[in-house]
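Data first, discussion second: the structure below is written as structure tokens.
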Amino acid sequence: MFAPDAFRLTPAQAELIAGARRFGRRVLAPRAAQHDRDATFPIENFRDMHREGLLAICVPKADGGLGADYQTYCLAAAELGRFCGATALSWNMHVASTLWPGALADDLPMSDEDRAAHARRRRLHYRRVVEHGALYAQPFSEEGGTAAAGASAFGTEAHPVDGGFIVSGKKIFASLSGAADYYGILCTARAEGEGASRRNTLFLAVPARAPGVEVVGDWDPLGMRGTVSRTLLLKDVFVPEDEMLMPRGVYFQAATRWPHMFLTLTPTYMGLAQAACDFTIAYLRGEVAGMPPVKRRMIATKQIAVAEIRIMLEQTKALWFQAISEARANPAKEQVLRAYAAQHTVMESANAIAAKAIRICGGHAMLKRFPLERIYRDSRCGSVMLPWTAEICLERIGREALYEPGETDG
Ligand SMILES: Cc1cc2nc3c(=O)[nH]c(=O)nc-3n(C[C@H](O)[C@H](O)[C@H](O)COP(=O)(O)OP(=O)(O)OC[C@H]3O[C@@H](n4cnc5c(N)ncnc54)[C@H](O)[C@@H]3O)c2cc1C
């Protein structure tokens with residue numbers, strides 16, 4: 007998908023990414039249709055990922071992980087997205103719980119005391135993942151309000167008590183619900199009499215089996231059916247201090263200084279875009295298993311549609327690759343605008359490519375025994391993912407291109 011020579015990847019990156027591709031093709035692809043049909047969580051995929059080391063892809067090598075950096079992770083995740091969008095998306099929620107406290111946190115300012123405490127705590131989380139295959143979910147979305155869009159404090163609150171926090175609140179769309187061992191929730195730390203502030207956002211790993219944790223509601227959506235993103239209720243849950251995935255205040259720093267942290271939802275959709283193109287070419291060449299070997303490639307309108315798909319795909323890949331290669335602390339304004347543009351482009355193009363692929367392949371390609379209609383439904387979900395929905399990206403690109411920080415028209 008991103009040839010190592012063409013995209014100047016190192017041999018180590020190329021090996022890890024090729025491993026993810028082989029894993030996706032061998033393990034994820036054969037199971038994807040059934041989990042989509044039944045809207046069940048593909049837990050066996052995650053058990054196999056543990057054996058393969060993939061649950062610890064962003065855990066440093068010194069802690070027993072594969073030590074992938076941000077760009078390598080994104081490229082590996084795109085490979086998994088080609089074969090099962092729902093698994094790749096849920097995997098992203100898990101991996102973010104190791105990447106954010108890891109490489110991201112290392113780039114951010116912290117007191118020596120906080121950094122030492124953080125280093126000790128994250129080793130606990132890493133060990134759970136590496137040794138026991140623990141799964142971390144990442145539910146931050148909340149009903150109504152603008153917290154998940156990054157504009158206000160989270161309504162889920164953590165009240166400091168001896169040795170930890172008492173957490174209460176409600177999270178919607180908790181991918182991995184019921185399967186996760188820990189819910190990496192974003193909440194507002196708030197002592198008695200203190201106001202709610204985004205600066206006091208806490209990133210806490212809430213143990214799934216802690217008293218007061220409940221998963222409710224059903225899951226029967228259009229696409230991404232295997233993520234099983236049900237509702238999470240937290241009622242007076244005691245969460246020990248060691249479950250802090252970042253020290254107090256550091257998530258706020260990350261969200262403002264390391265904005266590419268939110269771009270990690272895109273690799274799945276980049277993979278889906280590639281998968282729609284791959285299917286179309288195989289189908290028109292008469293090479294799809296389960297179809298008679300009838301070639302449909304000689305029709306000019308189909309050739310033109312393939313060309314349009316290729317152009318959209320190349321534009322999307324080029325912009326996305328550039329954006330994921332620029333992820334760092336304190337990026338330049340141009341780089342942030344490019345990250346929004348990449349997010350918007352990937353999420354919208356993946357579905358546009360899938361729609362065009364269905365149109366041009368025709369009736370057979372809509373059958374449920376082929377992956378294209380699933381790719382179409384899964385890819386539709388990308389644009390609504392907070393905090394960088396398609397509309398929010400447009401809004402920010404327009405405003406931030408026209409106004410420097412602090413500028414007004416008054
Ligand atoms: C398959 C799937 C898996 C998910 N997994 C997770 C997960 O693991 N963790 C998690 O936290 N969330 C997850 N989400 C939730 C997702 O990130 C959004 O929070 C959710 O889709 C919002 O749904 P909503 O009905 O509130 O829509 P809204 O957020 O109201 O969106 C509807 C429309 O309003 C626009 N909009 C919303 N807010 C703003 C704003 N502030 N400014 C401008 N426009 C805005 C959007 O762009 C969109 O066009 C998942 C969602 C899906 C579909």
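For the sequence shown, our numbering gives the first residue as 7, with consecutive numbering after it.
All residues carry an ideal CB built from backbone N, CA and C; glycine is no exception.
Quick caveat, the model's predicted, so the values are computed rather than measured.
### Message
With three or more C-beta pairs closer than 8 angstroms as the rule, is the segment 98-106 touching the segment 289-300?
### Response
no
### Exposed unless 16 or more other CB atoms sit within 10 angstroms - verdict on residue 198
In the sequence shown, counting from the first residue as 1, residue 198 sits at position 192. With fewer than 16 Cβ atoms within 10 Å of its Cβ, residue 198 is classed as exposed.
### Message
Distance check for residue 242 and residue 168, CA to CA, integer angstroms please.
### Response
Locating residue 168 in the sequence shown gives position 162, where the first residue counts as 1. Locating residue 242 in the sequence shown gives position 236, where the first residue counts as 1. Straight-line Cα distance between these residues: approximately 14 angstroms.
### Query
Does the beta-carbon of residue 385 have 16 or more other beta-carbons within 10 angstroms, so that it is buried, or is it exposed?
Taking the first residue of the sequence shown as position 1, residue 385 is located at position 379. Here residue 385 is buried: its Cβ has 16 or more other Cβ atoms, across all protein chains shown, within 10 Å.
### Query
When the Cβ atoms of the segment 63-76 are set against those of the segment 312-323, are three or more pairs found closer than 8 angstroms?
no
#### Entry: Length-filtered (4 minimum) alpha helix (DSSP H) runs lying within the segment 83-125
91-105
#### Entry: Cutoff 6 angstroms; reference residue 335; Cβ partners in own chain excluding five residues on either side
Numbered from 1 along the sequence shown, position 329 holds the residue referred to as residue 335. Excluding positions up to five away in sequence, the list reads 113, 263 and 264.
### Task
Please confirm whether any heavy atom of ligand 1 lies closer than 7 angstroms to the CB of residue 181.
Residue numbering aside, residue 181 sits at position 175 when the sequence shown is read from its first letter. The answer is yes for residue 181.
### Closest residue to residue 219 among 145, 227, 300 and 154 (Cα-Cα distance)
In the sequence shown, residue 219 corresponds to position 213, counting from 1. Comparing Cα positions, the closest option is 145.
#### Entry: Rounded C-alpha distance that separates residue 387 from residue 271
In the sequence shown, counting from the first residue as 1, residue 387 sits at position 381. In the sequence shown, counting from the first residue as 1, residue 271 sits at position 265. Using only the alpha carbons, I get a separation of about 11 angstroms.
### Task
Thinking residue 82 and residue 63 are a contact (beta carbons under 8 angstroms), I'd like their distance in whole angstroms, please.
In the sequence shown, counting from the first residue as 1, residue 82 sits at position 76. In the sequence shown, counting from the first residue as 1, residue 63 sits at position 57. So it is a contact: roughly 6 angstroms between Cβ atoms.
### Query
For ligand 1, is there a heavy atom less than 7 angstroms away from the beta-carbon of residue 397?
Here residue 397 is taken as the residue at index 391 of the sequence shown, counted from 1. The answer is yes for residue 397.
### Query
Would DSSP call residue 69 helix, strand or coil?
As a first step, residue 69 is located in the sequence shown; it is residue number 63 there, counting from the start. Assignment of residue 69 by DSSP, reduced to helix, strand and coil, places it in the helix class.
### Minimum C-alpha distance to residue 311 - residue among 343, 297, 367 and 337
Locating residue 311 in the sequence shown gives position 305, where the first residue counts as 1. When each option's Cα is compared against that of residue 311, the closest is 367.
### Task
Taking only heavy atoms of ligand 1 into account, decide whether any of them is closer than 7 angstroms to the Cβ of residue 235.
Taking the sequence shown and counting its residues from 1, the one referred to as residue 235 is at position 229. Correct: residue 235 has its Cβ closer than 7 angstroms to ligand 1.
#### Entry: Within 8 angstroms, strictly: CB atoms of residue 41 and residue 139
As a position in the sequence shown, residue 41 is number 35, starting the count at 1. As a position in the sequence shown, residue 139 is number 133, starting the count at 1. No, Cβ-Cβ distance for residue 41 and residue 139 is not below 8 angstroms.
### Query
Any idea what DSSP makes of residue 214, helix, strand or coil?
Start at 1 with the first residue of the sequence shown, and residue 214 comes out as number 208. Three-state DSSP puts residue 214 in coil, outside helix and strand.
### Task
State yes or no: is the C-beta of residue 152 nearer than 7 angstroms to some heavy atom of ligand 1?
As a working mapping, residue 152 is identified with position 146 in the sequence shown. It does: the Cβ of residue 152 is within 7 angstroms (strictly closer) of some heavy atom of ligand 1.
### Task
Verify the contact flag: residue 406, CB atom, against every heavy atom of ligand 1, threshold strictly below 7 angstroms.
Against the sequence shown, residue 406 aligns to sequence position 400. No, the Cβ of residue 406 stays beyond 7 angstroms of every heavy atom of ligand 1.
### Query
Going by other Cβ atoms of all chains shown within 10 Å of its Cβ, with 16 needed for buried, is residue 296 buried or exposed?
Within the sequence shown, numbered from 1, the residue matching residue 296 stands at position 290. It counts as exposed.
### Message
Looking at the strands, I want to know which residues DSSP matches up with residue 191.
### Response
For the purposes of this step, residue 191 is identified with residue 185 of the sequence shown, where counting begins at 1. In DSSP, residue 191 forms a bridge with 210.
### Query
Hey, how far is the Cα of residue 204 from the Cα of residue 159?
Position 198 of the sequence shown holds residue 204. Position 153 of the sequence shown holds residue 159. Cα atoms of residue 204 and residue 159: separation of roughly 4 angstroms, rounded to the nearest angstrom.
### Message
By alpha-carbon positions, which one of 376, 398 and 382 ends up nearest to residue 349?
### Response
Here residue 349 refers to the residue found at position 343 when the sequence shown is read from its first residue. Ranking the options by Cα distance to residue 349, first place goes to 398.
### Query
By Cβ distance below 7 angstroms, which residues in the same chain neighbour residue 300 in space, the five residues on each side in sequence not counted?
The residue given as residue 300 occupies position 294 in the sequence shown. Here the set comprises 292.
### Message
Mapping the DSSP letters down to three states, classify residue 137 as helix, strand or coil.
### Response
Counting from 1 along the sequence shown, the entry for residue 137 is found at position 131. The answer is helix: DSSP assigns residue 137 an H, G or I state.
### Query
Of the choices 230, 343 and 281, whose alpha-carbon is the least far from that of residue 389?
Within the sequence shown, the letter at position 383 stands for residue 389. Nearest C-alpha to residue 389: 230.
### Spatially closest choice to residue 216 from 246, 269 and 222, by CA coordinates
In the sequence shown, counting from the first residue as 1, residue 216 sits at position 210. Checking every option, the nearest Cα to that of residue 216 belongs to 246.
#### Entry: Own chain, CB closer than 7 angstroms to residue 34, minus 5 neighbours either side, in chain order
Translated into the one-based positions of the sequence shown, residue 34 becomes position 28. Annotation for residue 34: 51, 86, 89, 90 and 93 place their beta carbon closer than 7 angstroms to its own, counting only its chain and skipping 5 residues before and after.
#### Entry: C-alpha gap between residue 135 and residue 123, whole angstroms
By one-based count along the sequence shown, residue 135 stands at place 129. By one-based count along the sequence shown, residue 123 stands at place 117. Rounded to the nearest angstrom, the two C-alpha atoms are 19 angstroms apart.
### Message
Between residue 268 and ligand 1, is there a pair consisting of the residue's CB and a ligand heavy atom that are separated by less than 7 angstroms?
### Response
Stepping through the sequence shown from its first residue, residue 268 is reached at position 262. Because no heavy atom of ligand 1 lies under 7 angstroms away, the Cβ of residue 268 does not count as near it: no.
### Query
Beta-carbon separation of residue 278 and residue 330 under 8 angstroms?
Within the sequence shown, numbered from 1, the residue matching residue 278 stands at position 272. Within the sequence shown, numbered from 1, the residue matching residue 330 stands at position 324. Against a cut-off of 8 angstroms, the Cβ pair of residue 330 and residue 278 comes out as no contact.
### Query
Per DSSP, what kind of secondary structure is residue 178 in: helix, strand or coil?
For the purposes of this step, residue 178 is identified with residue 172 of the sequence shown, where counting begins at 1. It is a strand residue.
### Query
From residue 383 to residue 361, what does the alpha carbon distance come to, in whole angstroms?
For the purposes of this step, residue 383 is taken as the residue at position 377 of the sequence shown. For the purposes of this step, residue 361 is taken as the residue at position 355 of the sequence shown. In a straight line, the C-alpha of residue 383 is about 9 angstroms away from that of residue 361.
#### Entry: Best match in 137, 323 and 288 for proximity to residue 308 [C-alpha to C-alpha]
By one-based count along the sequence shown, residue 308 stands at place 302. Nearest C-alpha to residue 308: 288.
### Query
In whole angstroms, what separates the C-alpha of residue 208 from that of residue 302?
Numbered from 1 along the sequence shown, position 202 holds the residue referred to as residue 208. Numbered from 1 along the sequence shown, position 296 holds the residue referred to as residue 302. Looking at the two C-alpha atoms, the distance is approximately 55 angstroms.
### Message
Determine, for residue 139, whether the minimum Cβ-Cβ distance to residues of chain D falls below 8 angstroms.
### Response
Any reference to chain D falls outside this structure, which holds one protein chain only.
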